[in-house]
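Everything in the sequence shown is counted per numbering that gives the first Met the number 0, starting at 0 for the first residue and increasing by one. Some notes on the structure that comes next.
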Amino acid sequence: MLFRFSLYGFLKNQRYFEPFFLLILLDRGLSFTAVGFLIAFRELVVNLLEIPTGAIADVCGRRASLILSFLAYIAAFAVFAEAASLPWLYAAMFCFAVGEAFRTGTHKAMIFTWLRLNDREHERTKVYGYTRSWSQLGSAASVVVSAVFVLVSGDYAAVFYLSIAPCALNIVNFLGYPREVDGERSGASLGAVVRHTWRSLRDSFRKPGLRGLVLESVGFEGTFDAVKDYLQPVLSAAALAAAAHGVSVERYSDPQRAALFIGPVYFVVFILTSLGSRHAHRFCEKVGGEERAAGRLWAVASAVYALLTIAAFTAPGVSDSGAQEAPRAAGFSLGGAAMIAAFVALHVAQNVWRPILISRFDTHGSEAQGATILSIESQAQRIGTMLIAPLIGAAVDTVARHGPGGAFWPVGAIGATIACAFTILARARRSRAPLTDPADPRP
């Protein structure tokens, strides 16, 4: 089953459009503010559907939920490929959100069920980190394929069509999952779904351990999801800076120039994030348990967002129309390089954080509520993204038009503010009601 779990992650991340997604939206005439609202719409739809779909997965069958999820992804990618107006982009994003709602939490719950059935619960962080590392390797492979394709074709749109085939292969993969990983079912009636959802919601907010973890997810994951794609316009600006320095890229179109930089950088990012996920359990062991590891990662996030703020202030990157303009050579060569390094560090930190967080949730949840509680966590995270993404987009557009400094410094400033605030809150929460950390041998 480890092979099938890893294959799921590898195929799931064959989203060839992802390294270019923000650039594709800008290329279709959207401002950063409009992009932020499109992302917020996605998070809103997922939030409306996620807890019920998680409950449906627990009560009716997780394998069926995953198959429905990937059918929705296929529909979304087909619409994205042809969407030329904002209404069609929203329609595509709706289909994508349906897929996310049926998927999130469900597969992780299947992994943890399999671990329980095989008496390997003590390996939660290790096994989930291992399978997640294959997801990141899948992303590394996909960015090579997508970059080569964009370089050859000079066009972004067809990468959506390329993303359909791995979805179909993953559906075949799900058909080979054993029935046991569907978990315990309590019946498929509507009343059962409602009761199951209510119990999971109640436990998530009644139990101090679960409630605190939900808040941490909002702060760390919600912020990261809102800021991570801003690496793409930074790399596109780097491509223009390279042309200004005399590097021979003038003969390429804008998408091709972006691919020249996005491909190698994202490949390195995903290799590093794969290593981060795979060795998250070792990081926990080294620092003395999952709770201490989470505290260290909060401190790292605060420092990296602060670095991003300072670096971005010195590296102008976008015009008031939302399209990239050539930055000042000296400013970008220093500030821009630091921005890229900061984004890479955030990606790595998030992929160390995620296996640790999921294992902490499993510690405080129950088997029967596994997918539902993880869906509640994901929903809370998305509420954070839904609120933060439009705020960041509007701030970037405003600073790009009126200054001061480079357009992207609000990305780091908002991230640093949130990370510092949640660091303080998390420490205060742990001091009032310490979480039990079974993996922590220290008193």
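Where a beta carbon is used, it is the ideal one built from N, C-alpha and C, also for glycine.
Exercise for the section: Might you give, ordered along the chain, the residues of its own chain that have their beta carbon closer than 6 Å to the beta carbon of A39, omitting 5 neighbours on each side? Expected result: To locate residue 39, count along the sequence shown from 1; it is residue 40. Around A39, the same chain offers M385, A388, P389 as residues with beta carbons nearer than 6 Å, after the five sequence neighbours per side are excluded.
Problem - A412 versus R426: straight-line alpha-carbon distance, rounded - result: Walking along the sequence shown from the start, residue 412 turns up at place 413. Walking along the sequence shown from the start, residue 426 turns up at place 427. Separation of A412 and R426 (C-alpha to C-alpha, rounded to the nearest whole angstrom) is 21 Å.
Exercise for the section: Figure out for me which residue from A340, T112, V147 has the closest Cα to the Cα of F4. Expected result: As a first step, residue 4 is located in the sequence shown; it is residue number 5 there, counting from the start. The shortest C-alpha separation from F4 is found at T112.
Exercise for the section: Pick helix, strand or coil for Y89, following the three-state DSSP scheme. Expected result: Locating residue 89 in the sequence shown gives position 90, where the first residue counts as 1. In the three-state reduction of the DSSP assignment, Y89 falls in the helix class.
Handout entry: As assigned by DSSP and simplified to three states, the class of M385
Key = Start at 1 with the first residue of the sequence shown, and residue 385 comes out as number 386. Correct three-state label for M385: helix.
Practice task
Please go through the same chain and pick out, in chain order, the residues whose beta-carbon is closer than 7 Å to the beta-carbon of D181, but skip the five residues on each side of it.
Solution key: Taking the sequence shown and counting its residues from 1, one reaches residue 181 at position 182. Once the five neighbours on either side are set aside, the close Cβ partners of D181 are G60, R61, R62.
Problem - R14, DSSP secondary structure in three states - result: The residue given as residue 14 occupies position 15 in the sequence shown. DSSP places R14 in coil when its eight states are reduced to three.
Exercise for the section: Please classify V151: is it buried, with 16 or more other beta-carbons within 10 angstroms of its beta-carbon, or exposed? Expected result: The residue you call residue 151 lines up with position 152 of the sequence shown. Counting C-beta atoms within 10 angstroms of its own C-beta, V151 has fewer than 16 neighbours from the protein chains shown and is therefore classed as exposed.
Exercise for the section: Check each candidate in V142, G334, G288 and name the one with the smallest Cα separation from A305. Expected result: In the sequence shown, residue 305 corresponds to position 306, counting from 1. Among V142, G334, G288, the Cα nearest to that of A305 is on G334.
Practice task
Please say whether P18 and I261 have beta carbons closer to each other than 8 Å?
Solution key: Taking the first residue of the sequence shown as position 1, residue 261 is located at position 262. Taking the first residue of the sequence shown as position 1, residue 18 is located at position 19. I261 places its beta carbon less than 8 Å from that of P18.
Practice task
Just the C-alpha distance for F9 and H401, rounded to the nearest angstrom, thanks.
Solution key: Within the sequence shown, the letter at position 10 stands for residue 9. Within the sequence shown, the letter at position 402 stands for residue 401. When rounded, the distance between both Cα atoms is 43 Å.
Handout entry: M338, DSSP secondary structure in three states
Key = Locating residue 338 in the sequence shown gives position 339, where the first residue counts as 1. Under the three-state reduction of DSSP output, M338 falls in the helix class.
Handout entry: Reduced DSSP secondary structure (H/G/I, E/B, other) of H278
Key = Working through the sequence shown from its first residue, we reach residue 278 at position 279. Under the three-state reduction of DSSP output, H278 falls in the coil class, being neither helix nor strand.
Exercise for the section: Return yes when the Cβ of A75 is within less than 8 Å of the Cβ of F95, no when it is not. Expected result: For the purposes of this step, residue 95 is identified with residue 96 of the sequence shown, where counting begins at 1. For the purposes of this step, residue 75 is identified with residue 76 of the sequence shown, where counting begins at 1. Contact flag set, yes.
Problem - Residue of H121, D253, Y72 minimising C-alpha distance to I170 - result: Residue mapping note: residue 170 aligns to position 171 of the sequence shown, counting from 1. The shortest Cα separation from I170 among H121, D253, Y72 belongs to Y72.
Practice task
Could you tell me which of L67, G35, Q380, T422 sits nearest to S216, measuring between CA atoms?
Solution key: By 1-based counting over the sequence shown, the position of residue 216 is 217. S216 has its Cα closest to that of Q380, out of L67, G35, Q380, T422.
Problem - Collapsed DSSP secondary structure at R119 in the structure displayed - result: By one-based count along the sequence shown, residue 119 stands at place 120. Coil at R119, not helix or strand.
Problem - alpha helix (DSSP H) segment containing A75, residue limits - result: Working through the sequence shown from its first residue, we reach residue 75 at position 76. Unbroken alpha helix (DSSP H) run through A75: 61–81.
Practice task
Determine the DSSP secondary structure at Y7, reduced to helix, strand or coil.
Solution key: As a first step, residue 7 must be located in the sequence shown, where it is residue number 8. Y7 sits in a helix when the DSSP states are folded into three classes.
Exercise for the section: Out of P403, F312, L296, I391, point me to the one whose CA is closest to V351's CA. Expected result: Taking the sequence shown and counting its residues from 1, one reaches residue 351 at position 352. Ranking the options by Cα distance to V351, first place goes to L296.
Problem - V97 versus S134 - alpha carbon distance - result: In the sequence shown, counting from the first residue as 1, residue 97 sits at position 98. In the sequence shown, counting from the first residue as 1, residue 134 sits at position 135. Going by the C-alpha atoms only, they are around 21 Å apart.
Exercise for the section: May I ask you to report which of helix, strand or coil DSSP gives D154? Expected result: Counted from its first residue, the sequence shown places residue 154 at position 155. DSSP, read as helix, strand or coil, puts D154 in coil.
Exercise for the section: Taking only the alpha-carbon atoms, compute the straight-line gap between L114 and H121 and give it to the nearest angstrom. Expected result: Position 115 of the sequence shown, counted from the first residue, corresponds to residue 114. Position 122 of the sequence shown, counted from the first residue, corresponds to residue 121. So the two alpha carbons sit approximately 9 Å from each other.
Handout entry: Boundaries (first-last residue) of the alpha helix (DSSP H) holding S301
Key = Within the sequence shown, numbered from 1, the residue matching residue 301 stands at position 302. 289–312 is the span of the alpha helix (DSSP H), which, as asked, contains S301.
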